[in-house]
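Numbered per our numbering, the sequence shown spans residues 1343 to 1868. Just so you know, even glycine gets a beta-carbon here, dropped at the ideal spot from N, CA and C. Working notes, beginning with the structure itself.
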Amino acid sequence: MTLAIEDLPNDVAALKRLFIEHERLFVEEQRRRESLIARIRDEAAEQIERLQAERQTAIDEAVKAAVAAILRRYYGPRSEAFDPRQLLLFGQRIDQLPLDEASVAEEAGEQLVTRRAKSRHNHGRQQLPEHLERIEIEHDLDDQACPACGCERERIGAEVSEQLEYFPASLKVLKHIRHKYACAKCDHDGYDPNIESAKKPPQPIDKGLPGPSLLAYVITCKLGDHLPLYRLENIFARQKVHIARSTMCAWMRCAGEFVAPLVQLMTERVRQSQVIHTDDTPVPVQSPGQKQCRKGRIWCYLGDEANPYTVYDYTPSRSRDGPAKWLGRFTGYLQADAYGGYDGIYHAQGVTEVGCWAHARRKFYDAQDSDEERSTRMLALIAELYAVEREAKDADESTRLALRQERSVPLLDRIKSWLDAEGEVVLRRSPMATAITYTQNQWTARTTYTTQGFLNIDNNASDARSSGWPSAAKTLMTFCQPSVRTDSVIGFLSPPAKLVGVGGERRRRLASTVDPTLIRGLDTPG
């Protein structure tokens, strides 16, 4: 306490006693402060040591998970198969498990299985496909005389066997002979003879060298089979025909310009969808004069059932300006991954976000190596969500919506409670913490699919249509900027072919023979 001068005693002895008492209190306070500082310092050191240990553990687990993911990617199974019986290892009651194999849902584009029974194959060769052309080759005896009596033997039957043969593709020259006609009478009378030449069928490249099939073959080899054009140049050279890769590049560019009106029409139809599925994938792009490649982006946009088209768009970066420009004034549901660039689109354009449970599931699947028990429990819950979707797959929208409200919504409530509880106790920055945070951050979007019967639980349809571009990049090594723009335009021809049941090369051949004036008149799908 503080004393005023008038409060001090005049007696010297009393003043000494007061001074000694204040000195004692000061020393005690000093010792108390030093003890408190030492205790705080020790606690801080322990906390720092604990945090450093947790950080190192998290780093070790992250490295372990990354190594496991790499090994699984190159050497492990491709499917994210999950056996719900794994919960038995952690004491889960068996009556709480979805043990019916039919209830294990399709996940990440593939059916989840517990244990696949070995299929029994009949011995012998498989039957050759019926759609292949059969060419009969008859074999007869050189000498039909009986070796015993010399009489001519009669035919009593035949043994028929089939052999699969390959007929190499060949280049042929189509000689277009356009007959010309004139009126001899008008010419004789001194009038205009009205000369007219027959017209050729519509060609993909006006006055160009390639026919529709050759152009379709080049496109299929590059985009469907991921075959670089320099290899295709060597393939043609084996037939003693030189077609420079630069020439084929020009053909591809002309093909892109040819189908551009059709792509624009498909784009407009996709924008009319109630829900658009989108995904992006990186591709290496090399600019002229630049040795180092940079990452461009191919964006995939897939329409709904009423507009079953897939179109691609190339952007030089992953900026949100790319999808924002492509979507234009679209209003509806947009199903995508958790990329933050879409957030501005959701807020500014009145678009409703729909999350993807396949992406969330993949996070927990990758966390199995560091936290198997929690991962297995969450994978089992997600498998139950997909079991509902499998049951509702062939139902109409109203029935599917009712089933989701009855069964999926309570499941989602259980998942949310589990995430909130476990998120408080898991090690920060661990793969499990990353998976939990990733799922929680997009929770509203992940539950949106239960509000409409036409929405999907995941974005696998769009992911599957983007998967070909990384494979092409690995094979072709790199794209140049004009090439990747052209390829993104022409690339639409393959995914729709899967929907209508027409092979990729045939689809491209059909597209390359359509009169451009007819494309502008299309207004219906199919």
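Problem - Ordered list of alpha helix (DSSP H) runs contained in the segment 1557-1626, each at least 4 residues - result: 1571-1579 and 1587-1613
Handout entry: the segment 1561-1580 contacting the segment 1534-1543, beta-carbon criterion three pairs below 8 Å
Key = no
Exercise for the section: Locate the alpha helix (DSSP H) running through Lys1527, then write down its first and last residues. Expected result: Ala1526 to His1530
Exercise for the section: Measure the Cβ-Cβ separation of Leu1761 and Glu1396 and say whether it is below 8 Å. Expected result: no
Handout entry: At least 3 beta-carbon pairs within less than 8 Å: the segment 1693-1706 vs the segment 1724-1735
Key = yes
Exercise for the section: Using only alpha-carbon positions, find the residue among Ser1588, Gln1691, Pro1624 and Lys1667 that is nearest to Ser1659. Expected result: Pro1624
Problem - Integer Cβ distance of Thr1792 from Gln1747, believed to fall under 8 Å - result: 7 Å
Problem - Helix, strand or coil at Lys1517 [DSSP, three-state] - result: coil
Problem - Contiguous alpha helix (DSSP H) assignments of at least 4 residues, all confined to the segment 1717-1764 - result: 1739-1745
Problem - Buried versus exposed, by CB contacts within 10 Å (16 or more), Lys1633 - result: exposed
Practice task
Determine, using beta-carbon pairs with one atom in the segment 1365-1378 and one in the segment 1658-1678, whether at least three such pairs fall under 8 Å.
Solution key: no
Handout entry: Boundaries (first-last residue) of the alpha helix (DSSP H) holding Tyr1656
Key = Taken as a continuous stretch (DSSP letters only), Tyr1656 belongs to no alpha helix (DSSP H), being part of the beta strand (DSSP E) at Thr1652 to Thr1657.
Exercise for the section: Buried or exposed for Gln1710, please, with buried defined as at least 16 other CB atoms from any protein chain shown within 10 angstroms of its CB. Expected result: buried
Exercise for the section: Would you kindly check if the distance between the Cβ of Leu1644 and the Cβ of Arg1807 is under 8 Å? Expected result: yes
Exercise for the section: Take Glu1647 and list the residues in its own chain whose beta-carbon comes closer than 8 Å to its own, dropping the five residues that flank it on each side. Expected result: Phe1796
Exercise for the section: Report the rounded CA-to-CA distance for Val1583 versus Leu1556, giving the unit in angstroms. Expected result: 13 Å
Handout entry: Close Cβ partners of Arg1749 (< 7 Å) along its chain, the five nearest in sequence each way excluded
Key = Val1730
Problem - Bridge-paired residues (DSSP) for Gly1492 - result: Answer by DSSP bridge pairing: none, since Gly1492 is not bridged.
Handout entry: Neighbourhood of Thr1741 by C-beta, 8 Å cutoff - its chain only, sequence neighbours within 5 removed
Key = Ala1734 and Gly1795
Handout entry: Rounded separation between Asp1402 and Arg1719 - CA only
Key = 23 Å
Practice task
Compute the Euclidean distance between the alpha carbons of Arg1373 and Val1354, then round it to the nearest angstrom.
Solution key: 29 Å
Exercise for the section: To the nearest angstrom, report how far apart Lys1542 and Asp1531 are at their CA atoms. Expected result: 31 Å
Exercise for the section: Just confirm the distance between the C-beta atoms of Val1627 and Met1594, as a whole number of angstroms; I'd bet it's less than 8 Å. Expected result: That pair is no contact at about 16 Å.
Problem - Ile1498 versus Asp1482: straight-line alpha-carbon distance, rounded - result: 12 Å
Practice task
May I ask you to report which of helix, strand or coil DSSP gives Leu1676?
Solution key: strand
Handout entry: Pair within 8 Å by beta-carbon distance, Ile1640 and Tyr1656
Key = yes
Problem - Enclosing alpha helix (DSSP H) for Tyr1688 [first to last residue] - result: Asp1685 to Ala1690
Practice task
Note the first and the last residue of the continuous alpha helix (DSSP H) segment covering Val1369.
Solution key: Val1354 to Tyr1417
Exercise for the section: Compute the Euclidean distance between the alpha carbons of Arg1359 and Ser1377, then round it to the nearest angstrom. Expected result: 27 Å
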